[in-house]
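Here the structure comes first, spelled out in structure tokens, and everything after it is commentary.
2 protein chains.
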Amino acid sequence: MWSRWKGDGLPDDNSSQRADRILDAAARLIEHYGYDKTTVSDIAAEAGVSKGAIYLHWKSKDELFEALLLRESMHVLEELIQHIEAHPDGGTIFGLFQYGIISIVNNPLMHALATRDARVLGDWARRGANSPMMNEGSMFRKEMVRQLQAVNVIRSDLDGDVITYILALIRYGFLTIHEVYPADQIPPLDAVGKTLAILLERALAPEGGGDREAGRQIVINLAQQMRVFLQHWMGTKDKPPTQG
Amino acid sequence: MWSRWKGDGLPDDNSSQRADRILDAAARLIEHYGYDKTTVSDIAAEAGVSKGAIYLHWKSKDELFEALLLRESMHVLEELIQHIEAHPDGGTIFGLFQYGIISIVNNPLMHALATRDARVLGDWARRGANSPMMNEGSMFRKEMVRQLQAVNVIRSDLDGDVITYILALIRYGFLTIHEVYPADQIPPLDAVGKTLAILLERALAPEGGGDREAGRQIVINLAQQMRVFLQHWMGTKDKPPTQG
DNA sequence: GTATGACCAGAAATGCATTTTGGGTCATGT
DNA sequence: ACATGACCCAAAATGCATTTCTGGTCATAC
């Protein structure tokens, strides 16, 4: 799916499966040891392939890592879409925020990306904050708030960009505060998520409740747009080392 | 005021003033260079006194720093009390939150303390997260939320400890997100503060608005309690090196 | 055509001798 | 008394030679 550099035909299933296995291995290792401490040889060994095989799939360690990040982003986005479609409150900020955060908490790599965790991201983060995965997210969210305000799923009496910023700040605080809060006083995570969602609903939802269906559609569309954006960006540089 | 180890009489004005000047110098230096990079000699030079003089006031560099932190905390608390007394919305979470955050944003040292900024706090933070200034704050806030709920300035339909945690998380996110948010998209600070306060009001204030006067009184009392707590704790270990 | 792993070179880590730094003290001066 | 700054010494920083590591390549094997 996400790895399509195989010329003009359909993705080679064998190759694609192996690429996936390699990314699985990389994910396991990097989540635990961080980008710096996991070597390409480690990944190869963990995946049960040779080091050379890895360079048959990606030009460099960096590109492997970015492919991994892309895959995980795709997963999260996909899951988000499914959740929104399946769940009745999918179109409300209530459901949206709660699910958006949970999916990040459950995905160590996305968690690290969202918090710029230097321990996990290591040199990659230090070198280049250039990946669109690092920055375009806020654009996407800005647009989402704007459109959600247009269909009155979010109240329009406050500036959309400020709302976006505040939402980001809450998300960031949610993901990072454990570093400074007395550990024995942290309430259960799901209680926090649920309460936070309720507060957000009160603060941002209009009286009537707005057009949920429209909200749902907007978020799905935007998520899809984000996916093609990421995919396209990746496609332009995730070329194979050989056979152009 | 805060430095009262001078035996039984009133604080020695000359000595106390000089201590203040030294702390001023220390603040200036540490805000800029961080705890590790500012030496005791630097502080002495900046304050225009000899190194030995500093050890006439405090037993160690650590204690000087903690005295500084205490002084700044006292200032902030004092200002908070004054603001609450002077301002009509002093007793509401609206005003409370807004002012509480502004006072931290305006005080580099308190900002560093609230965010555990290793660049500023340096070795002191690394060695001991033992100072009550580091931990007791959350206790204080927990109690505040509890009492505010009791007089219905904060709605009682959600768990107080979770609310406290969420408030802390928002504050922390507010103070730290700039590290990961695209710099050119950060809205003006006061717009964010104001909007955030409005959202909080909507999310946490009851229909009627609750008893503002009672809210005001509670916060003032608690702030005062916090002050004597800090003062007392400091008093038991901020003894002079000689003349006990 | 595809996979492998020994191999390469630059970068990073290690070990160690040497120098500098910086809390903290105290003999001396006022 | 009180203030000073030269002085002390452990700890940290520096410089440097040597070793290890590791991203990336490619001759060889299948």
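Line order of the protein sequences matches chains A and B.
Start counting the first sequence at 232; every next residue gets the next number (our numbering).
Start counting the second sequence at 232; every next residue gets the next number (our numbering).
The beta-carbon is built from N, C-alpha and C at its ideal position, and this holds for glycine as well.
Fewer than three beta-carbon pairs drawn from the stretch 364-382 of chain B and the stretch 395-402 of chain A are found closer than 8 Å, and the two stretches are therefore not classed as touching. Counting along the chain, Y286/A sits inside the alpha helix (DSSP H) bounded by residues 282-288. In this structure the stretch 437-449 of chain B does not lie against the stretch 408-422 of chain A, because fewer than three pairs of beta carbons, one per stretch, are closer than 8 Å. Out of K425/B, D293/B, K290/B, L260/B, the CA that lies nearest to the CA of A278/B is found in L260/B. The way I'd put it, the stretch 331-338 of chain A doesn't touch the stretch 349-363 of chain A; fewer than three beta-carbon pairs between them come closer than 8 Å. Between the stretch 374-385 of chain A and the stretch 440-455 of chain A there are three or more C-beta pairs closer than 8 Å, enough to call the two in contact. Beyond the five residues adjoining it in sequence on each side, K268/B comes within less than 8 Å, by CB distance, of G353 in the same chain, given in chain order. Excluding the 5 residues flanking it on each side, E374/B has no same chain C-beta neighbour closer than 6 Å. Only those residues of the stretch 378-397 of chain A whose C-beta falls short of 8 Å from the nearest C-beta of chain B are listed: L389, D390, D392, V393, I394, Y396, I397. Taking a C-beta distance under 7 Å as the contact criterion, G446/B and G331/B do not qualify as a contact pair. Of all residues in the stretch 295-309 of chain B, none is placed with a Cβ closer than 8 Å to any Cβ belonging to chain A.
When 7 Å is used as the limit between beta carbons, N366/B is near these residues of chain A: P413, in chain order. In terms of CA proximity to R252/A, A298/A leads the group Y264/A, A298/A, I315/A, Y266/A. At least one CB of chain A lies nearer than 7 Å to the CB of G404/B.
Contact annotation: L406/B and A454/B have beta-carbon atoms that are not nearer than 7 Å. Of all residues in the stretch 435-453 of chain A, those with a C-beta nearer than 9 Å to a C-beta of chain B are L435, reading in chain order. Of all residues in the stretch 324-354 of chain B, only A345, T346, R347 place a beta-carbon less than 9 Å from a beta-carbon of chain A. DSSP places R347/A in the coil class of the three-state scheme, outside both helix and strand.
Residue contact check for L430/B against chain A: a CB pair falls below 7 Å. Taking S281/B as the centre and dropping the five residues before and after it, the same chain places the C-beta of A275 closer than 7 Å to its C-beta, in chain order. By the beta-carbon neighbour count (other beta carbons within 10 angstroms, threshold 16), V459/B is exposed.
Contact check for I315/A against V450/A passes: the beta carbons are separated by less than 7 Å. The three-state reading of DSSP puts L301/B in helix, counting H, G and I together.
In terms of beta-carbon proximity, L461/A stays away from the interface with chain B, with every pair separated by 7 Å or more.
Nearest in C-alpha terms to M364/A, of all of A317/A, L379/A, L308/A, I333/A, is L308/A.
Residues of chain B with a Cβ closer than 9 Å to the Cβ of I417/A are, in chain order, Y396. Bounds of any alpha helix (DSSP H) do not take in I408/A, whose DSSP letter is neither H nor E.
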